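Accompanying notes for the structure given below.
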């Protein structure tokens with residue numbers, strides 16, 4: 004019988020929001036390297052970047068991003084301050100499937116940007132609309148030098164919005180050398196750049212990171228790394244043996 008501590012550990016590993024603590028994601032070494040390099044360029048070397056994570060649904064695009072951020076936080080744990088730790092950068096999440104217009108998108112961005120600023124007591128009771136408010140908050144981010152990470156899920160939905168104003172605004176901001184901005188789009192369509200207007204294509208880096216479904220071997224390694232527990236006692240050995248037997252039979 005597993006201890007209560009071990010059961011709690013397994014529960015935390017199986018939560019969708021949990022960032023894995025194993026050394027790597029099986030079958031994604033090249034994607035991990037490319038994304039970590041890009042994030043380091045923005046956070047450390049202050050080069051604004053844009054990229055697309057493309058691949059079929061369920062191929063771990065969000066997990067890859069969270070994993071790379073977590074890995075970089077561990078790698079720079081001795082740095083003071085650690086620019087990759089939560090609170091040192093601002094992450095803005097936008098989902099194109101739930102945003103109907105550019106006005107809605109600016110409103111969501113403004114709402115997400117205010118929370119970190121209010122916690123830092125640099126802004127109080129600011130009441131502005133859409134772009135005016137966004138510009139003010141970005142000016143504040145420039146003053147305190149906070150990197151901004153924009154994560155655009157279902158990127159193709161933003162491409163279908165009139166004039167693609169949001170995408171144009173974000174990519175235009177990337178040309179501002181006084182800001183640190185990274186725009187990461189996630190989508191299933193590997194031909195998504197064909198939907199971008201010419202004025203946006205000229206500003207977009209065209210950098211893409213392609214993901215595929217993991218192979219059966221990669222899945223087996225992933226499951227094993229998730230369920231294997233450290234320890235040499237009889238209960239842990241029995242558990243790991245059962246996991247290994249199930250994984251091998253599934254292969």
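In the numbering used here, the protein residues as written are 4 to 254.
Ideal Cβ placement from N, Cα and C applies to all residues, glycine included.
A quick note: this is a predicted structure, and the numbers were derived from the prediction, not measured.
Annotation: residue 55 is outside any alpha helix (DSSP H); the continuous beta strand (DSSP E) that includes it extends over 52-57. Residue 215 and residue 62 have their C-alpha atoms spaced approximately 6 angstroms apart. When C-alpha distances from residue 17 are compared across 248, 229 and 234, the shortest belongs to 229. Straight through space, the alpha carbons of residue 224 and residue 52 are spaced by roughly 32 angstroms. If you check the CB distance, residue 188 and residue 141 do not come in under 8 angstroms. Judged by their CB atoms, residue 34 and residue 212 are nearer to each other than the 8 angstroms cut-off. Just measuring C-alpha positions, the residue of 237, 226, 252 and 236 sitting nearest residue 13 is 226.
Shown here for residue 208: same chain residues with a beta carbon closer than 6 angstroms to its own, the five before and five after excluded, namely 53 in chain order. Of the residues assessed, residue 108 falls on the buried side of the cut-off, its CB having 16 or more other CB atoms within 10 angstroms. In the DSSP assignment, residue 224 falls outside any beta strand (DSSP E) and lies within the alpha helix (DSSP H) extending over 219-230. For residue 45, the closest alpha carbon among the candidates 179, 241 and 199 is that of 179. With the rule of 3 Cβ pairs closer than 8 angstroms, the region 234-251 does not count as touching the region 86-99. Excluding the 5 residues flanking it on each side, residue 76 has same chain C-beta neighbours closer than 7 angstroms at 85, 87 and 88, in chain order. Sequence-distant partners of residue 39 (beyond 5 residues in either direction) whose C-beta falls short of 7 angstroms from its own C-beta, in its chain, are 71, 74 and 75. For the 8 angstroms CB-CB criterion, residue 159 and residue 192 form a contact. For residue 155, the enclosing beta strand (DSSP E) begins and ends at 151-156. In the three-state scheme derived from DSSP, where H, G and I count as helix and E and B as strand, residue 63 is classed as coil.
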